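J.: Provided herewith is a single structure, encoded as structure tokens, for subsequent inquiry.
There are 2 protein chains.
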Amino acid sequence: MKKPIQKRTLATRAKLIDAAQKIISTKGFGAMRVEDVVQGASVAKGTFFAHFHDKDALMDFMIGGEIDAHLDGFEKLPPPENLDTLIRHLLPLLQFMTSERYIFDLILRHSGAAAKEEIGPIAQTFDRQVKVLTQWLTDGPFRKDVPALILAEGVQAFAVQCMALHFCAINNELPMQNRLRLYLEPWLCSEKLS
Amino acid sequence: MKKPIQKRTLATRAKLIDAAQKIISTKGFGAMRVEDVVQGASVAKGTFFAHFHDKDALMDFMIGGEIDAHLDGFEKLPPPENLDTLIRHLLPLLQFMTSERYIFDLILRHSGAAAKEEIGPIAQTFDRQVKVLTQWLTDGPFRKDVPALILAEGVQAFAVQCMALHFCAINNELPMQNRLRLYLEPWLCSEKLS
DNA sequence: GATAAATATTGACCGTGGTCATATTTAACA
DNA sequence: TGTTAAATATGACCACGGTCAATATTTATC
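Read top to bottom, the protein sequences are chains R and W. So for the first sequence, our numbering puts the first residue at 161; every next one is plus one. So for the second sequence, our numbering puts the first residue at 161; every next one is plus one.
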């Protein structure tokens, strides 16, 4: 994980990731079994855990990669000139994150770096996301009485809330983006009183 | 689960919950094993799953009970007359929710009712919490340009964010209540522009 | 090229959540 | 009270993530 110097190591790792990718793209993230991955990669089970601390670590890596791809796209976009554009830009990422219940749960578990351990791929993307949002909010026509960083973290909080309610039996009649707008309008387009 | 008519059923159920409670109060939620519970209750393993759909369902019940106790307390409190009081009232609940990583993760998983299934105990407490907050926000000195329900859901979203960051290696230098204040001040004490 | 140290791989094994055909108990009715 | 059907309990069994001592391979040193 930290220093894969040997060629063999890199090859094995690639085989594992390849096998995982194959399973994911056909059966989805939630259906991935470690046993299937090692069989697909033609290695022993123990080898898997020599490369990834646990199953979650591989998922963290795979899902983190997907999120990073979205963020790469965000960074090529011009700062949104209004709230609706901001939401529209964000939507594809939110849709990926909610495309499987398994994905969303795993993201929640890994969105904050676990104490004392190193910061994982997904946690890094959350930091990156805040950075992108901070930039957007600084440049766009949004409130300036609150630090853009706080606003960005708030957008993240509301996005998580909307995704959670998306999976909710009683609260999912409203599309995610509409609900997000309901929160973000008062959050981003207000000013402090007095 | 739905219609425990027989006395035996109620007794068995009580034995299971008792055994679970005993384990939880000595070793914590995260250390609970189904095997230990059934042994403590002197029943077979299969019996457990006749009473609870899975381990999470028992946890949902136990943790839901704890949260409900907090909400009972909230309802006896007068509506907070300012932001700091609101946060102070909320804090004990947030502290329980973050007292174990296991608890927080489970709460996140169950805070929205799973699609098509019945609404679980924790999901119900989240609804209840929104109701209490809505009342508080209606009565207190907070912004009135946004429906109190939306404000309440926002408070919940920010609370979740603060709890998540509480477990985060890089973002946990700020106490939960201070961070919450950072979000809630612009959220609750602003007015929409134009 | 021989040998030793470091690194990577193996697969039998384990812990724990969850299943299900079978056995037992309860309730209803004659 | 005896018979029977529904409700409940049982425990052997399975699935799957994860461990670890033993083995194999690579790299370093001479």
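Glycine included, every Cβ here is placed at the ideal spot set by N, Cα and C. The structure presented is a predicted model; accordingly, all values stated were derived computationally and were not measured.
1. I need the boundaries of the alpha helix (DSSP H) containing S350(R), first residue and last residue.
2. Could you work out which residue in E333(R), Q321(R), V320(R), V315(R) is closest to L344(R) when comparing CA atoms only?
3. Tell me the rounded alpha-carbon separation between P346(W) and Q295(R).
4. Name, please, each residue of chain R whose Cβ falls closer than 8 angstroms to the Cβ of F352(W).
5. What do you get for E333(W), buried or exposed, if any count of 16 or more other CB atoms within 10 angstroms of its CB means buried?
6. What ranges does the alpha helix (DSSP H) occupy inside the region 302-334 of chain R, keeping only unbroken runs of at least 4 residues that lie completely in it?
7. Rounded to the nearest angstrom, what separates V198(R) and E195(W) at their Cα positions?
8. Leaving aside the five residues before and after R288(R) along the sequence, list all residues of the same chain whose C-beta is less than 7 angstroms from its C-beta, in chain order.
9. State whether the region 323-341 of chain W contacts the region 239-258 of chain W, with contact taken as three or more CB pairs (one from each stretch) at a distance under 8 angstroms.
10. At the 8 angstroms Cβ level, is L334(W) part of the contact set with chain R, yes or no?
11. Does the structure place the region 205-218 of chain R close enough to the region 170-190 of chain R that three or more beta carbon pairs sit under 8 angstroms?
12. Measuring only the C-alpha atoms, how far is I184(W) from K205(R)?
13. By the criterion of Cβ-Cβ separation under 7 angstroms, what are the contact partners of E313(W) in chain R?
14. Does any residue of chain W have a CB that is nearer than 8 angstroms to the CB of A171(R)?
15. Name, please, each residue of chain R whose Cβ falls closer than 9 angstroms to the Cβ of D265(W).
16. Let me know if G233(R) comes out buried or exposed under the rule of 16 or more other beta-carbons within 10 Å of its beta-carbon.
17. Tell me which residues share the same chain as V261(W) and place their Cβ nearer than 8 angstroms to its Cβ, disregarding the 5 neighbours each side in the sequence.
18. My output table needs one value for N242(R): the three-state DSSP class, helix, strand or coil.
19. Contact defined as beta carbons within less than 8 angstroms: I believe Q321(W) pairs with E351(R). What is the distance between those atoms, to the nearest angstrom?
20. Buried or exposed: which applies to E241(R), given that a residue is buried once 16 or more other Cβ atoms fall within 10 Å of its Cβ?
21. Rounded to whole angstroms, what is the Cα-Cα separation between L246(R) and M257(W)?
22. Taking a Cβ distance cut-off of 8 angstroms, strictly less, list which residues of the region 203-218 of chain R are near chain W, in chain order.
23. Compare the Cα-Cα distances from L266(R) to each of A308(R), D216(R), P238(R), A180(R) and report the closest residue.
24. Should F189(R) be flagged as near chain W, meaning a C-beta pair shorter than 8 angstroms?
25. Buried or exposed for A229(W), going by 16 or more other Cβ atoms inside 10 Å?
26. Chain R beta carbons: is any one of them nearer than 8 angstroms to that of I310(W)?
27. Where F264(R) and S259(W) are concerned, what is the direct C-alpha to C-alpha distance, given to the nearest angstrom?
28. For V306(R), go through chain W and note every residue whose CB falls closer than 8 angstroms to its CB, in chain order.
29. Is it buried or exposed, M161(W), if we count other Cβ atoms within 10 angstroms and call 16 or more buried?
30. Applying the 10 Å Cβ sphere with the 16-neighbour rule, what's the burial state of P193(R)?
31. If we define contact as Cβ-Cβ less than 8 angstroms, is G272(W) a contact residue for chain R?
32. Output the boundary residues of the alpha helix (DSSP H) element that contains V198(W).
33. Does K162(R) have its Cβ less than 8 angstroms from a Cβ in chain W?
34. Going along the chain, which residues of its own chain have a beta-carbon closer than 8 angstroms to the beta-carbon of L297(R), five neighbours each way excluded?
35. Q166(R) by DSSP, collapsed to three states: which one?
T.: Here's the rundown:
1. Per DSSP, S350(R) belongs to no alpha helix (DSSP H); it is in the beta strand (DSSP E), 350-352.
2. Of the residues E333(R), Q321(R), V320(R), V315(R), the one whose Cα lies closest to the Cα of L344(R) is V315(R).
3. 19 angstroms
4. Phe is not the amino acid found at residue 352(W); the sequence shown has Lys there. What K352(W) touches in chain R: E345, P346, C349, S350.
5. exposed
6. 308-326
7. For V198(R) and E195(W), the distance between alpha carbons rounds to 30 angstroms.
8. Only L231 meet the Cβ criterion.
9. yes
10. no
11. yes
12. 34 angstroms
13. Q321
14. No - not a single Cβ of chain W is within 8 angstroms of the one on A171(R).
15. D265, L268, R269
16. Flag for G233(R) reads exposed.
17. The question names Val, yet the displayed sequence has Arg at residue 261(W). Excluding sequence neighbours, R261(W) sits near G190, F327.
18. coil
19. Going by Cβ atoms, the distance from Q321(W) to E351(R) rounds to 22 angstroms, so no, they are not a contact pair.
20. exposed
21. 32 angstroms
22. none
23. D216(R)
24. By the rule that beta-carbons nearer than 8 angstroms mark a contact, F189(R) does not touch chain W.
25. exposed
26. yes
27. So the alpha carbons of these two residues sit roughly 23 angstroms apart.
28. P346
29. Any reading at M161(W) needs caution, since the residue's pLDDT is 43, under 50, leaving its predicted position unreliable; the model's value is listed next. Label assigned to M161(W): exposed.
30. What sits at residue 193(R) in the sequence shown is Arg, not Pro. Flag for R193(R) reads exposed.
31. yes
32. 194-201
33. Residue confidence is low: K162(R) scores 48 on pLDDT, short of 50, so the model does not pin down where it sits. Its coordinate-derived value is still stated next. Not an interface residue.
34. A308, L311, A312, V315, L348
35. coil
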